[in-house]
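Going by this note's numbering, the first residue of the sequence shown is number 54, and it counts up by one from there. C-beta: ideal position from N, C-alpha, C; glycine also. In what follows, a structure is listed as structure tokens, so that the remarks can point back to it.
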Amino acid sequence: MVLAGHSDSGKTSLAEAMLYKAGVTERLGKIAEGNTVCDFDAESIKRKASIASSIAPFAWGSTKINLLDTPGLFDFEAGLYEGIRPAESVLIAVSGKDGVSVGTEKAYHLAKKQQKATMFYVSKLDVEHSDYYKVLESLKAQFGPSVCPIVVPYSENDKVQCYINLIDQKAYKYDEKGEPSEVAMPDMGHRLEGLQAAISEAVAETDEELFEKYFSGEQFTRDEIIKGVHHGVNSGAISPVLCGSNLTLDGVDMLMDAIVDLLPSPWEKGGEIAEDLNGDMVEVKCTDEAPLAAYVFKTVADPFVGKLSYIKVVSGKLGQDSNPINVRTGQPERLGKIVYLRGKKQEDTAYITAGDIGAVTKLATALSGDSLCDPKFQVRFEQTAMPHPCFSKAIRGKDKGDESKIAAAIQRMLEEDPTVSYQNNVETKQQIISGLGDQHLDVVVSKLKNKFGVEVTLEQPRVAYRETIRKKVKVQGRHKKQSGGHGQFGDVWIEFEPTVGDFVFEEKVFGGAVPKSFFPAVEKGLQESVKKGTLAGYPVVGLKATLVDGSYHPVDSSEMAFKMAASIAFKAGIPDASPVLLEPICSLRAYVPDVNTGDIIGELNKRRGRVLGMNPTEEGLQEIIADVPESEMSDFATAMRSISQGRGYFTLEFARYEQVPSNLEAKIIEEAAKLNSEE
Numbered sequence: 054m055v056l057a058g059h060s061d062s063g064k065t066s067l068a069e070a071m072l073y074k075a076g077v078t079e080r081l082g083k084i085a086e087g088n089t090v091c092d093f094d095a096e097s098i099k100r101k102a103s104i105a106s107s108i109a110p111f112a113w114g115s116t117k118i119n120l121l122d123t124p125g126l127f128d129f130e131a132g133l134y135e136g137i138r139p140a141e142s143v144l145i146a147v148s149g150k151d152g153v154s155v156g157t158e159k160a161y162h163l164a165k166k167q168q169k170a171t172m173f174y175v176s177k178l179d180v181e182h183s184d185y186y187k188v189l190e191s192l193k194a195q196f197g198p199s200v201c202p203i204v205v206p207y208s209e210n211d212k213v214q215c216y217i218n219l220i221d222q223k224a225y226k227y228d229e230k231g232e233p234s235e236v237a238m239p240d241m242g243h244r245l246e247g248l249q250a251a252i253s254e255a256v257a258e259t260d261e262e263l264f265e266k267y268f269s270g271e272q273f274t275r276d277e278i279i280k281g282v283h284h285g286v287n288s289g290a291i292s293p294v295l296c297g298s299n300l301t302l303d304g305v306d307m308l309m310d311a312i313v314d315l316l317p318s319p320w321e322k323g324g325e326i327a328e329d330l331n332g333d334m335v336e337v338k339c340t341d342e343a344p345l346a347a348y349v350f351k352t353v354a355d356p357f358v359g360k361l362s363y364i365k366v367v368s369g370k371l372g373q374d375s376n377p378i379n380v381r382t383g384q385p386e387r388l389g390k391i392v393y394l395r396g397k398k399q400e401d402t403a404y405i406t407a408g409d410i411g412a413v414t415k416l417a418t419a420l421s422g423d424s425l426c427d428p429k430f431q432v433r434f435e436q437t438a439m440p441h442p443c444f445s446k447a448i449r450g451k452d453k454g455d456e457s458k459i460a461a462a463i464q465r466m467l468e469e470d471p472t473v474s475y476q477n478n479v480e481t482k483q484q485i486i487s488g489l490g491d492q493h494l495d496v497v498v499s500k501l502k503n504k505f506g507v508e509v510t511l512e513q514p515r516v517a518y519r520e521t522i523r524k525k526v527k528v529q530g531r532h533k534k535q536s537g538g539h540g541q542f543g544d545v546w547i548e549f550e551p552t553v554g555d556f557v558f559e560e561k562v563f564g565g566a567v568p569k570s571f572f573p574a575v576e577k578g579l580q581e582s583v584k585k586g587t588l589a590g591y592p593v594v595g596l597k598a599t600l601v602d603g604s605y606h607p608v609d610s611s612e613m614a615f616k617m618a619a620s621i622a623f624k625a626g627i628p629d630a631s632p633v634l635l636e637p638i639c640s641l642r643a644y645v646p647d648v649n650t651g652d653i654i655g656e657l658n659k660r661r662g663r664v665l666g667m668n669p670t671e672e673g674l675q676e677i678i679a680d681v682p683e684s685e686m687s688d689f690a691t692a693m694r695s696i697s698q699g700r701g702y703f704t705l706e707f708a709r710y711e712q713v714p715s716n717l718e719a720k721i722i723e724e725a726a727k728l729n730s731e732e
């Protein structure tokens, strides 16, 4: 079961409450003190917020519950995606004070997209101005009639007096230690009757026999209600709502009972459809008796501990005697230690059974998304589609010559975070790192230092401009140098004109004015020259050069002399051919709620973008298609998140080059001159 929700909705403290209630921990850890089980990472402790998913299993009665705590901050959405992938159900925490937020919506929609069962927990009911019933109405308005209250509070003077379990039809009061005691049902009038009727209606919809019983006016038994709600949760027709307080432990026991009774087990919902080696779809049933089929859903790379691969076993058993094949590589994987994880603690185990999750140390080639299978039953499980990196910075080492060290460290980090991308831009001579936001890249920088001993700073990425010409010119390039012995002599006349593409060279020399043996030297001289234009030193494209005439000396002419003559002709001719700067134009596809389209279009207009069209999407968002200059988009991810409150996202791909507006040319040329002088 994955624990998800908006940032500061109480996920990690709820995990602490459940672990404490289950007897796994001796005291409640606190985020402010940095001693929680799930936020054990140094970066999470420093920021007082989850930045990665973590596992915290516990037993409640005879049932083992694998709890996966996930981040609520949008910069660390990878944790939410990788956490939901191996879970059968999603418990969504909602703050009783702040109510339904964007993170609530994202967790719910991702759960439904991956066909996971959903349950809501309204937390922080001990906090002033919390309002359970207001949150419940918001949940119903946002997610529809499937939202079904199971535990509700009874309050007087804005303070919860007791919690009512609508399945048991009993009320409970909690003492200072969070221990429940049954109290008399409070008088809630028609509200209680309405809540009980809502459960009965939801249960009746799940089964034909129950519907007939409900229609005839009979009351459901407790077992029938549990069975009906369980069936509805499993099918996705019901999303139960419970509530309580993480810090006082109020209602946490009823939540844990509901997790066991109402949420599906791996035997019910843990099977998957996978693809065999022939490309055919096969059903993989969640049972110990079947051949081994498992997948890696998360990877942690540590220079001291080594690689740790988090694994969900779908069928069969993964043990020390297993010899699984990595279906991606076709090679066997040699297993290290097999362990269960609880936060940062590891506990050795002989095997991991079907439906369970654990980890294996030191898998040499396995990456997140890889399938590990019995050699006789090789299947590929569907990989998780992660958010695309959309926020880029150039990364510079503190010490010169650290480039290779940085690249090696980042490659290790890419294994554990698929929402980070990295490229070495040869043209701008910068190492570019991309992520989901400024906090995300800030964590990357911290990890590079603390994990791999590489200190770096972030700076604005340079834009790879181009230069071209707009008119035709004919110029002479003459190189003559006399010294002792042989001199140097090369003389060419070259026509430069605009063309389509990068660089084209032709020769139309008549009468042997320039011997054919020197044509390659002329072309080479021009090819080297177009690497740095005369305006700002950017590569020249869209240029056709035609060698039309020249002269030579039978003794002093050489390939080097004609190469130099071609370079002289280039430097003399291009400034007279109306040179202009070109900038990279990107194709943008932005996905935003309908109410935000006007603001996003306004933002794109400010950034010199051209909106080409809009289309509704299946997700209920509007797709805005536009052409935008790359130079204006460095902080667009921040603007998008601010305008859409985190609901929107976008993709950006290079499309072509276009001429820079004349009023911006001078500034770009000035900045290029400054950069060239620094180099």
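DSSP on residue i, reduced to helix/strand/coil?
| i | result |
| --- | --- |
| residue 508 | coil |
| residue 674 | coil |
| residue 241 | coil |
| residue 257 | helix |
| residue 162 | helix |
| residue 355 | strand |
| residue 650 | helix |
| residue 698 | coil |
| residue 172 | strand |
| residue 221 | coil |
| residue 549 | strand |
| residue 730 | helix |
| residue 393 | strand |
| residue 194 | helix |
| residue 292 | strand |
| residue 14 | Outside the modelled stretch of the chain, which goes from 54 to 732, sits residue 14, for which no answer is possible. |
Measuring CA to CA, which of the options is closest to residue i?
| i | options | result |
| --- | --- | --- |
| residue 663 | 680, 331, 236 | 680 |
| residue 99 | 632, 568, 503 | 503 |
| residue 509 | 277, 717, 484 | 484 |
| residue 205 | 297, 670, 75 | 297 |
| residue 629 | 711, 727, 531, 526 | 526 |
| residue 230 | 69, 341, 572, 301 | 301 |
| residue 429 | 475, 379, 80 | 379 |
| residue 609 | 588, 534, 594 | 534 |
| residue 154 | 399, 58, 89 | 58 |
| residue 692 | 531, 715, 655 | 655 |
| residue 519 | 97, 721, 316 | 721 |
| residue 179 | 615, 81, 717, 216 | 216 |
| residue 489 | 473, 603, 670, 225 | 473 |
| residue 382 | 137, 419, 480 | 419 |
| residue 168 | 306, 353, 321, 501 | 321 |
Would you kindly work out how many angstroms separate the C-alpha atoms of residue i and residue j, rounded to a whole number?
| i | j | result |
| --- | --- | --- |
| residue 392 | residue 318 | 22 Å |
| residue 171 | residue 308 | 13 Å |
| residue 149 | residue 176 | 5 Å |
| residue 647 | residue 674 | 6 Å |
| residue 682 | residue 703 | 15 Å |
| residue 295 | residue 183 | 14 Å |
| residue 291 | residue 332 | 35 Å |
| residue 396 | residue 147 | 23 Å |
| residue 657 | residue 584 | 32 Å |
| residue 444 | residue 259 | 45 Å |
| residue 707 | residue 686 | 12 Å |
| residue 313 | residue 112 | 10 Å |
| residue 600 | residue 550 | 12 Å |
| residue 61 | residue 641 | 32 Å |
| residue 594 | residue 579 | 12 Å |
| residue 125 | residue 304 | 23 Å |
Just to confirm my understanding: we take residue i, look at its own chain, exclude 5 residues before and 5 after, and list those with CB closer than 6 Å. What are they?
| i | result |
| --- | --- |
| residue 477 | 484 |
| residue 195 | 153 |
Give me, in chain order, the residues of the same chain whose beta-carbon lies closer than 7 Å to that of residue i; leave out the 5 immediate sequence neighbours on both sides.
| i | result |
| --- | --- |
| residue 253 | 267, 273 |
| residue 241 | 207 |
8 Å is my cut-off, CB to CB: does residue i come that close to chain C?
| i | result |
| --- | --- |
| residue 142 | Checking the listed chains, one finds no chain C in this structure; it contains a single protein chain. |
Enumerate in chain order the residues of its own chain whose CB-to-CB distance from residue i is below 8 Å, with the five nearest sequence positions on each side excluded.
| i | result |
| --- | --- |
| residue 606 | 540, 542 |
- Would you be able to state if there are at least three C-beta pairs under 8 Å between the segment 452-468 and the segment 363-380? no
- Message: If contact is defined by three or more beta carbon pairs under 8 Å, each pair taking one atom from either stretch, is the segment 233-246 in contact with the segment 268-285?
- Response: no
- Query: Are there three or more Cβ pairs, one per stretch, closer than 8 Å when the segment 326-346 is compared with the segment 125-137?
  - Reply: no
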